[in-house]
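Engineer:
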Amino acid sequence: MTQGIYPFPTEQLSFEPNINKLPPFEIEAEEEIIGGILKDPNAINRVKDSLRPEHFYIGAHKDIYQACLRLSKKGEGTDLLSVTSWLKNHDILTRVGGRAKLASVVGASVTAINIDHMAKLVIDAAIRRNVIKVSEEIRQLGHSTDIDISEMMYLFSNKLKSVIDTPSYQTKEEKQRLVHDRLLNELTEIYTSCEQPTLRLLKLKDLAEESQISMKLLELLYLKSLTEQCSKLLTYEELKELAGSTVREWLMNGLVPKNTTILLAADGGIGKTKFAYGIGKVLIQGSEFGQFNTTGRKRKILYYQGDESPGDMFEALEILGYSEEDISKYVRVRFGWSGENIPTLLHDLKEFQPELVFIDSLSTANRYSVYKESEMEYARPILELTGLASQYKTTFVIIHHTNKEGGVRGTTAIRNAVSEVWQLTKDTSQTATPNDRILEINKSRSRSSGKKYRLMFNPEDLGFTFLGEEVEQPNGAGQSAKESTLQLLAENRNIGFTSEEIAHKLGTSKNYARRYLAELASDGLVSVNRQPGKPNTYYLVYEDHPRITPVPPQDHPQDHPQDHPSNLEIVSNVAKGDPQSASENFQKIPTSEILKTSISEDQDHLCSNTMPDNNPGGDPGGDPSLTVCESIHSGEIAVKALSGNDSGSFPQGDPGGDPLPPSPLQRGDFEEKGVYWSPRLNNQVMVWKLFKSLPEAEVYQAGNPTDKIRVKLSELYPLPEFKVGEEVTVLDEHKKFKDRVFTISAVHPGGIWIQGKTRSGTDGYGPLQPSQLRKLSG
12 MTQGIYPFPT EQLSFEPNIN KLPPFEIEAE EEIIGGILKD PNAINRVKDS
62 LRPEHFYIGA HKDIYQACLR LSKKGEGTDL LSVTSWLKNH DILTRVGGRA
112 KLASVVGASV TAINIDHMAK LVIDAAIRRN VIKVSEEIRQ LGHSTDIDIS
162 EMMYLFSNKL KSVIDTPSYQ TKEEKQRLVH DRLLNELTEI YTSCEQPTLR
212 LLKLKDLAEE SQISMKLLEL LYLKSLTEQC SKLLTYEELK ELAGSTVREW
262 LMNGLVPKNT TILLAADGGI GKTKFAYGIG KVLIQGSEFG QFNTTGRKRK
312 ILYYQGDESP GDMFEALEIL GYSEEDISKY VRVRFGWSGE NIPTLLHDLK
362 EFQPELVFID SLSTANRYSV YKESEMEYAR PILELTGLAS QYKTTFVIIH
412 HTNKEGGVRG TTAIRNAVSE VWQLTKDTSQ TATPNDRILE INKSRSRSSG
462 KKYRLMFNPE DLGFTFLGEE VEQPNGAGQS AKESTLQLLA ENRNIGFTSE
512 EIAHKLGTSK NYARRYLAEL ASDGLVSVNR QPGKPNTYYL VYEDHPRITP
562 VPPQDHPQDH PQDHPSNLEI VSNVAKGDPQ SASENFQKIP TSEILKTSIS
612 EDQDHLCSNT MPDNNPGGDP GGDPSLTVCE SIHSGEIAVK ALSGNDSGSF
662 PQGDPGGDPL PPSPLQRGDF EEKGVYWSPR LNNQVMVWKL FKSLPEAEVY
712 QAGNPTDKIR VKLSELYPLP EFKVGEEVTV LDEHKKFKDR VFTISAVHPG
762 GIWIQGKTRS GTDGYGPLQP SQLRKLSG
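Numbering of the sequence shown is given in the working numbering, commencing with residue 12 and proceeding in unit increments.
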């Protein structure tokens, strides 16, 4: 695509009125409408809701149509005799041209079948005449120097609004829909952009007076709009696209799902606020909380605190071990927030981009609400948060109080509005201490509900210790197998294991492993990848870089030869490291020697295991300094000695989940219809729309000019020198790739990936730098 700067056409403005042209009109269409109504008794019902008498250009037609409307409203006929009689009784017959005029329009009309189209023509002409009229009034207003400029702008705005709001040809239903959509747009603008509650109230009052609807009804209309969740009728493909992934994404497996709303309910003095602080610290550090494994670290946390003073909160964070770096980089705090300050929340979500927001508490956030806790409207802020959770990829935890019976206080709409409900209570059993607590997953749309977990609160360090799942009949062997499985998956993040492999590693039966793995997956403690015709694979995700979609589990055929008998030529090291030259020395070793070593260490995986990294902040893939299998061919395995953080070669030349370096382009560098490169999509994209308030854009992908998708501006780069699909050769001083032709499979800011044909399939290499490649001519 060629881009350039084109001069805008200039036009010499003329202020002379155009008096040589008649205003727009459709006389023949007016006659067709009147004649059709006089002939067909049902024709009036097709146009009466949209066509008004003032739309007619000819005065006689306007009077005749007015008579037809009056008769129709009374339930009387609109035939020629009835209309003539009505006009005569009201002394209008002579003014419209008498019986001859009525007879002429009846004679001119052939049928009423096109009356809808004729009505549209008449209405369009009327709107154009109104535009001309208002334009002249605005011109005269500009010449009125005796009017104050502020008053002139007010009058100008009203006149312009009268033109814009002039309805075109619409049925009654369409008119109602127009009013409905306009009101909702204005209400959404008021509630989401006006940060001052007093100014927002004034805007609501003005809208109520303008629309002649009470403020209470306007608030109810907005509340109802937040509960509208019915989608269109979806096909299977549309459902698949909408779902994105069939695997639930977590911030902390089994406890904190991504992009949802959670209600944490507890009585006073239980320690619910300190529990929230503790969860935040775990998510920043990327550690685990008992059975609940985090899926990353350095998560950004936003605290909206209303129940504690700044001094108490700061002291609690210090006692809990929040470091100065944690608070300065990953924590933001705001005091005094309420549900009336949704625009402030929107600003914080866009600027700080937190992955978790704690609101302490619902009662404080709703302190200005005009509704009681027992009324459904009290839950309106939660409904707003539910929409924002999905839009801004954020999880909200709302702290609330329990009632005397131990349930969620207030209307059931509070509980119904959230996706998850946690209840933190004291352990009242005979053997419990005053500091023992029970955490119950009371409601969940992400995992099984009703499970309880024993905790212990330490008043000295304000921390909670996880003691295990509360079960009626403890099964030591069962719990031990689950814990061992969680440890195995935690040590091999992003690698999928089948139940058969886990059973083999832990020395249990396949059926038993299958049962308890299903329980772990049901509780959200592990993720499961289900593929038709293949065994389920279980894994734990770890994202080194938050806000990046987690890498799918590595589940290559070589990892599970008994499940996937087909061969691939390349096996990747799960660790993704720094780019390294493709001109490495390869050493040929007999297959039997490699298999002997590999099988002795791991019966399930042909390639030698990476060393697990127990540091939650490290690379989840393990130690990249080990040897990985490169290819299986002709009875030999090519082995590549890795050093440092070498990324090895990727299956099919795929850059995998490498983090993207910052784009060199700034927001001001982007322009609509500009063409850029998206490494995530591995394709060229054309910007269709830039969002003013968000660092995002709607784009079209090259080769798919129909479906728009939304991407972040930070993930768009200048067009690269090499493009996907181009044929290249590798400049290799050791002649390893001599006379081989490769195809570029992926272009990433960290390098370029290539793949080439072999006798048994394809192999891939990367990352390579542009200086190591040469394009083939033609």
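Ideal placement from N, C-alpha and C gives every residue a C-beta, glycine not left out.
1. Return the chain-ordered list of same chain residues with a C-beta closer than 8 angstroms to the C-beta of Leu82, the five sequence neighbours on each side being excluded.
2. So is Val752 buried or exposed if we call it buried at 16+ other beta carbons inside 10 Å?
3. Near Arg456, what residues of its chain come up, given a Cβ to Cβ distance below 6 angstroms and the 5 sequence neighbours on each side ignored?
4. Spatial neighbours of Ser380 within its chain, please: CB distance less than 7 angstroms, with the 5 preceding and 5 following residues excluded, ordered by chain position.
5. Tell me the rounded alpha-carbon separation between Ile75 and Val107.
6. So what's Arg541 in DSSP terms, helix, strand or just coil?
7. Could you name the residues of the same chain whose beta carbon sits closer than 6 angstroms to that of Val116, not counting the 5 residues immediately before and after it, in chain order?
8. At the level of alpha carbons, what is the spacing between Leu399 and Thr405?
9. From His412 to Ser689, what does the alpha carbon distance come to, in whole angstroms?
10. May I ask you to report which of helix, strand or coil DSSP gives Ser660?
11. I need the straight-line Cα distance from Val174 to Ser155, nearest angstrom please.
12. In terms of residue numbering, what span does the alpha helix (DSSP H) encompassing Asn377 cover?
13. May I have the straight-line CA-CA distance separating Ser204 from His358, to the nearest angstrom?
14. Which term fits Pro778, buried or exposed, when burial requires 16 or more other beta carbons within 10 angstroms of its beta carbon?
15. Using 9 angstroms as the threshold, is the C-beta distance between Pro731 and Pro673 below it?
16. Please determine if the region 353 to 368 and the region 306 to 324 are in contact, where contact requires at least 3 C-beta pairs separated by less than 8 angstroms.
17. According to DSSP, Gln434 sits in a beta bridge with which residue or residues?
18. List the residues that DSSP assigns as beta-bridge partners of Asp534.
19. Taking 8 angstroms as the cut-off, does the region 473 to 484 touch the region 321 to 338 (at least 3 CB pairs, one atom from each stretch)?
20. Do Leu466 and Ala492 have their C-beta atoms closer together than 9 angstroms?
21. Suppose you measure from the CA of Lys131 to the CA of Leu171; what does that come to, to the nearest Å?
22. Looking at the strands, I want to know which residues DSSP matches up with Ile765.
23. If you count every other CB in all the chains shown that lies within 10 Å of the CB of Arg526, and 16 or more means buried, which is it?
24. According to DSSP, what are the bridge partners of Phe475?
25. Measuring alpha carbon to alpha carbon, tell me which residue in Asp135, Gly86, Gly70 is nearest Leu104.
26. Name the DSSP bridge partner or partners of Ile720?
27. Taking the beta strand (DSSP E) that Glu738 falls in, what are its first and last residues?
28. Output the distance between the C-alpha atoms of Leu742 and Phe748, rounded to the nearest integer angstrom.
29. Residues in its own chain within less than 7 angstroms of Pro34 by CB, not counting five upstream and five downstream?
30. Determine, using beta carbons only, whether Thr306 and Glu260 come nearer to each other than 9 angstroms.
31. Sort Ala501, Ala529, His101 by Cα distance to Leu551 and report the nearest one.
32. Which term fits His66, buried or exposed, when burial requires 16 or more other beta carbons within 10 angstroms of its beta carbon?
33. State the DSSP-derived secondary structure class of Lys747, mapped to helix, strand or coil.
34. Which word fits Met129, buried or exposed, when buried means at least 16 other C-beta atoms lie within 10 angstroms of its C-beta?
35. Could you check whether the region 261 to 276 touches the region 291 to 301, counting it as contact only if at least three pairs of C-beta atoms, one from each stretch, sit closer than 8 angstroms?
36. Does the separation of the CB atoms of Glu737 and Ile755 fall below 9 angstroms?
Structural biologist: Concretely, from the data shown:
1. Within the sequence shown, residue 82 is the residue found at index 71, counting from 1. Once the five neighbours on either side are set aside, the close Cβ partners of Leu82 are Gly88, Thr89, Ser93, Val94, Trp97.
2. Residue numbering aside, residue 752 sits at position 741 when the sequence shown is read from its first letter. It is exposed - the Cβ of Val752 has fewer than 16 other Cβ atoms within 10 Å.
3. In the sequence shown, counting from the first residue as 1, residue 456 sits at position 445. Cβ neighbours of Arg456 beyond the five flanking positions: Ser430.
4. Position 369 of the sequence shown, counting from 1, holds the residue named residue 380. Cβ within range, chain order: Gly350, Tyr389.
5. As a first step, residue 75 is located in the sequence shown; it is residue number 64 there, counting from the start. As a first step, residue 107 is located in the sequence shown; it is residue number 96 there, counting from the start. Answer to the nearest angstrom: the Cα atoms are 7 angstroms apart.
6. Position 530 of the sequence shown, counted from the start, is the residue given in the question as residue 541. Coil.
7. Reading the sequence shown from its first residue, position 105 is the one you call residue 116. Excluding sequence neighbours, Val116 sits near Glu42, Ile45, Gly46.
8. Counting from one through the sequence shown, the residue named residue 399 turns up at place 388. Counting from one through the sequence shown, the residue named residue 405 turns up at place 394. In a straight line, the C-alpha of Leu399 is about 7 angstroms away from that of Thr405.
9. Along the sequence shown, read from residue 1 onward, the residue named residue 412 stands at position 401. Along the sequence shown, read from residue 1 onward, the residue named residue 689 stands at position 678. Taking the straight line from one Cα to the other gives about 47 angstroms.
10. To locate residue 660, count along the sequence shown from 1; it is residue 649. With a pLDDT of 37 at Ser660, under the threshold of 50, the modelled position of that residue is not reliable, and the figure given next carries that caveat. If DSSP states are grouped into helix, strand and coil, Ser660 belongs with coil.
11. Here residue 174 is taken as the residue at index 163 of the sequence shown, counted from 1. Here residue 155 is taken as the residue at index 144 of the sequence shown, counted from 1. Approximately 21 angstroms between the Cα atoms of the pair.
12. Residue mapping note: residue 377 aligns to position 366 of the sequence shown, counting from 1. Premise fails: Asn377 is in no alpha helix (DSSP H) and is neither H nor E.
13. Position 193 of the sequence shown, counted from the start, is the residue given in the question as residue 204. Position 347 of the sequence shown, counted from the start, is the residue given in the question as residue 358. About 9 angstroms.
14. Position 767 of the sequence shown, counted from the start, is the residue given in the question as residue 778. By the neighbour-count rule (16 or more Cβ atoms within 10 Å), Pro778 is buried.
15. As a first step, residue 731 is located in the sequence shown; it is residue number 720 there, counting from the start. As a first step, residue 673 is located in the sequence shown; it is residue number 662 there, counting from the start. The answer is no: Cβ separation not under 9 angstroms.
16. Touching, yes.
17. Translated into the one-based positions of the sequence shown, residue 434 becomes position 423. Its beta-bridge partners are Ala276, Glu451.
18. For this step, residue 534 is matched to residue 523 along the sequence shown. None; Asp534 has no bridge partner.
19. With the cut-off at 8 angstroms, the region 321 to 338 and the region 473 to 484 touch.
20. What you label residue 466 is simply residue 455 of the sequence shown in a count that begins at 1. What you label residue 492 is simply residue 481 of the sequence shown in a count that begins at 1. Note that the C-beta distance between Leu466 and Ala492 is not below 9 angstroms.
21. Locating residue 131 in the sequence shown gives position 120, counting from the first residue. Locating residue 171 in the sequence shown gives position 160, counting from the first residue. Looking at the two C-alpha atoms, the distance is approximately 22 angstroms.
22. For this step, residue 765 is matched to residue 754 along the sequence shown. Ile755, Tyr776.
23. Translated into positions along the sequence shown, residue 526 becomes position 515. Exposed: under 16 other Cβ atoms inside 10 Å.
24. Start at 1 with the first residue of the sequence shown, and residue 475 comes out as number 464. Looking at the DSSP assignment, Phe475 forms a beta bridge with Phe468.
25. One-based indexing of the sequence shown puts residue 104 at position 93. Nearest option by C-alpha distance: Gly70.
26. Taking the first residue of the sequence shown as position 1, residue 720 is located at position 709. Beta-bridge pairing links Ile720 to Val710.
27. To locate residue 738, count along the sequence shown from 1; it is residue 727. Judged by DSSP secondary structure, Glu738 falls within the beta strand (DSSP E) whose first and last residues are 738 to 741.
28. Counting from one through the sequence shown, the residue named residue 742 turns up at place 731. Counting from one through the sequence shown, the residue named residue 748 turns up at place 737. About 8 angstroms.
29. Looking up residue 34 in the sequence shown gives position 23. Excluding sequence positions up to five before and after Pro34, its CB lies within less than 7 angstroms of the CB of Arg140, Ile143, all in the same chain and listed in chain order.
30. As a first step, residue 306 is located in the sequence shown; it is residue number 295 there, counting from the start. As a first step, residue 260 is located in the sequence shown; it is residue number 249 there, counting from the start. Cβ atoms of Thr306 and Glu260: closer than 9 angstroms.
31. For the purposes of this step, residue 551 is taken as residue 540 along the sequence shown, with counting starting at 1. Among Ala501, Ala529, His101, the Cα nearest to that of Leu551 belongs to Ala501.
32. Here residue 66 corresponds to residue number 55 of the sequence shown, with the count starting at 1. The residue in question, His66, is buried, as its Cβ has 16 or more Cβ neighbours within 10 Å.
33. Your numbering for residue 747 matches position 736 in the sequence shown. Under the three-state reduction of DSSP output, Lys747 falls in the coil class, being neither helix nor strand.
34. Working through the sequence shown from its first residue, we reach residue 129 at position 118. So Met129 ends up on the buried side.
35. Counting Cβ pairs under 8 angstroms, three or more are found: they touch.
36. Within the sequence shown, numbered from 1, the residue matching residue 737 stands at position 726. Within the sequence shown, numbered from 1, the residue matching residue 755 stands at position 744. Against a cut-off of 9 angstroms, the Cβ pair of Ile755 and Glu737 comes out as a contact.
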